[in-house]
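> Below is one structure. I have some questions about it.
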Amino acid sequence: MISKVAVLVAALASLWAVGAQAQLLPQDTEVWKPEPLVVTPAAQLGGAPPSDAIVLFGGKDLGEWVTSKDKSPAGWSVADGLLTVNKAAGNIETKRSFRDFQLHIEWRVPANISGTGQGRGNSGVFLASTGRGDAGYELQILDSYANPTYVNGQAASIYKQRPPLVNASRKPGEWQTYDVIWRAPVFGADGVVAKPARVSVLHNGVLVQDNFALAGETVYIGQPAYRPHGAAPIKLQAHGDRSEPISFRNIWVRELPPSV
Ligand code: MG
74 MISKVAVLVA ALASLWAVGA QAQLLPQDTE VWKPEPLVVT PAAQLGGAPP SDAIVLFGGK
134 DLGEWVTSKD KSPAGWSVAD GLLTVNKAAG NIETKRSFRD FQLHIEWRVP ANISGTGQGR
194 GNSGVFLAST GRGDAGYELQ ILDSYANPTY VNGQAASIYK QRPPLVNASR KPGEWQTYDV
254 IWRAPVFGAD GVVAKPARVS VLHNGVLVQD NFALAGETVY IGQPAYRPHG AAPIKLQAHG
314 DRSEPISFRN IWVRELPPSV
């Protein structure tokens, strides 16, 4: 009986939350100042994966990936060792699920990129996908080389939660790297988060997120919140903006034991 009451209360609370979120606008959670200082990164980093890495994309095929919405074969294009977003095909995610990991991923905004703000080379790495669409925790990808936008939505931000410490973006046409340490959130038996997710990120070898504790999943409108989940795929975003699609290469992950 108690559990039924609890379920009813939880259902009413979530309905209230949905209603409250519906009153909000996207710009309610945009932060524009202060702008992260611009830092010029060193010469191109990267290179071959370490020996214990799981290679998620090595330049040949999308065997480790599926389409997020229906788990069908991933429909992005692979050519000349590169993976290029197919916006019409939607987000893709790994077949494997992960908890804690080290991730390396390289991405390139095309030299002929057009658009402004969030509509210029927008993509993203969801460090844990918690469902269809953009559900999960997004490390933003964007052309943030002389392209102002709200700073908690620029490249290397934890979307709408944390701007990067500095702006280490390279010019369009140049390859960029993210090296990420992801500590998945831990949920109690009651479904409440016991330990928040934590993330550290190097952008082109420069520290941009330093063990940041997330307030929940990243959301476009409203406030972040946690929903319980277990091991989850890593997801790449096919953003619907009209700018030219970005490319990826050299994606690998090393699973980590839980932190103590
Ligand atoms: Mg994005």
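Residue 333 is where the sequence shown ends in the working numbering, and the numbering goes up by one at each step. Backbone N, C-alpha and C define an ideal beta-carbon position, used for all residues, glycine too.
(1) DSSP on Thr102, reduced to helix/strand/coil?
(2) Does the beta-carbon distance from Pro237 to Pro107 come in below 7 Å?
(3) Return helix, strand or coil for Gln282, following the three-state DSSP convention.
(4) What I want to know is whether the C-beta of Gly197 ends up closer than 6 Å to one or more non-hydrogen atoms of the ligand MG.
(5) Taking 6 Å as the cut-off, is the CB of Gln234 close to at least one heavy atom of the ligand MG?
(6) Check whether the stretch 194-207 touches the stretch 302-321, taking contact to mean three or more Cβ pairs, one atom from each stretch, closer than 8 Å.
(7) Distance check for Glu247 and Phe285, CA to CA, integer angstroms please.
(8) Distance, Cα to Cα, Ala115 vs Asn277?
(9) For Gln213, verify whether its CB is less than 6 Å away from any heavy atom of the ligand MG.
(10) May I ask you to list the residues that DSSP assigns as paired with Ile186?
(11) Closer than 8 Å is the cut-off here; do at least three beta carbon pairs connect the stretch 314-322 with the stretch 154-161?
(12) Can you tell which of Val266, Pro245 and Glu211 has the C-alpha that lies nearest to the C-alpha of Ala184?
(13) Pairs of beta-carbons, one from the stretch 170-189 and one from the stretch 291-301, closer than 8 Å: are there three or more?
(14) For Leu97, count the other beta carbons within 10 Å of its own beta carbon; 16 or more makes it buried, fewer makes it exposed. Which is it?
(15) Please classify Pro330: is it buried, with 16 or more other beta-carbons within 10 angstroms of its beta-carbon, or exposed?
(16) Let me know if Gln213 comes out buried or exposed under the rule of 16 or more other beta-carbons within 10 Å of its beta-carbon.
(17) When you compare the CB positions of Ala30 and Trp138, do they come within less than 7 Å of one another, or not?
(18) Can you tell which of Tyr210, Ser242, Lys233 and Tyr232 has its C-alpha closest to the C-alpha of Asn220?
(19) I need the boundaries of the beta strand (DSSP E) containing Gln310, first residue and last residue.
(20) Just checking, does the stretch 189-197 make contact with the stretch 265-276 on the three C-beta pairs under 8 Å criterion?
Looking at the atomic coordinates:
(1) Position 29 of the sequence shown, counted from the start, is the residue given in the question as residue 102. DSSP places Thr102 in helix when its eight states are reduced to three.
(2) For the purposes of this step, residue 237 is taken as the residue at position 164 of the sequence shown. For the purposes of this step, residue 107 is taken as the residue at position 34 of the sequence shown. The answer is no: Cβ separation not under 7 Å.
(3) Reading the sequence shown from its first residue, position 209 is the one you call residue 282. Here Gln282 sits in strand by DSSP.
(4) In the sequence shown, the residue the question calls residue 197 occupies position 124. Yes, the ligand MG has a heavy atom inside 6 Å of this Cβ.
(5) Here the question's residue 234 lines up with position 161 in the sequence shown. No, since every heavy atom of the ligand MG falls outside the 6 Å radius drawn around the Cβ of Gln234.
(6) yes
(7) Translated into the one-based positions of the sequence shown, residue 285 becomes position 212. Translated into the one-based positions of the sequence shown, residue 247 becomes position 174. Distance between the alpha carbons of Phe285 and Glu247: 27 Å.
(8) Along the sequence shown, read from residue 1 onward, the residue named residue 115 stands at position 42. Along the sequence shown, read from residue 1 onward, the residue named residue 277 stands at position 204. If you take the alpha carbons of Ala115 and Asn277, they lie about 8 Å apart.
(9) On the sequence shown, residue 213 is found 140 positions in, with the first residue counted as 1. Correct: Gln213 has its Cβ closer than 6 Å to the ligand MG.
(10) Taking the sequence shown and counting its residues from 1, the one referred to as residue 186 is at position 113. Ile186 pairs with nothing; no bridge assigned.
(11) yes
(12) Position 111 of the sequence shown, counting from 1, holds the residue named residue 184. The candidate whose alpha carbon is nearest that of Ala184 is Pro245.
(13) no
(14) Stepping through the sequence shown from its first residue, residue 97 is reached at position 24. Its Cβ having fewer than 16 others within 10 Å, Leu97 is exposed.
(15) Here residue 330 corresponds to residue number 257 of the sequence shown, with the count starting at 1. With fewer than 16 other Cβ atoms within 10 Å, it is exposed.
(16) Looking up residue 213 in the sequence shown gives position 140. Flag for Gln213 reads buried.
(17) This structure cannot speak to residue 30, because the chain is shown only from 74 to 333.
(18) The residue labelled residue 220 in the question sits at position 147 within the sequence shown. Per the Cα distances, Ser242.
(19) Translated into positions along the sequence shown, residue 310 becomes position 237. No beta strand (DSSP E) contains Gln310, which DSSP labels as neither H nor E.
(20) no
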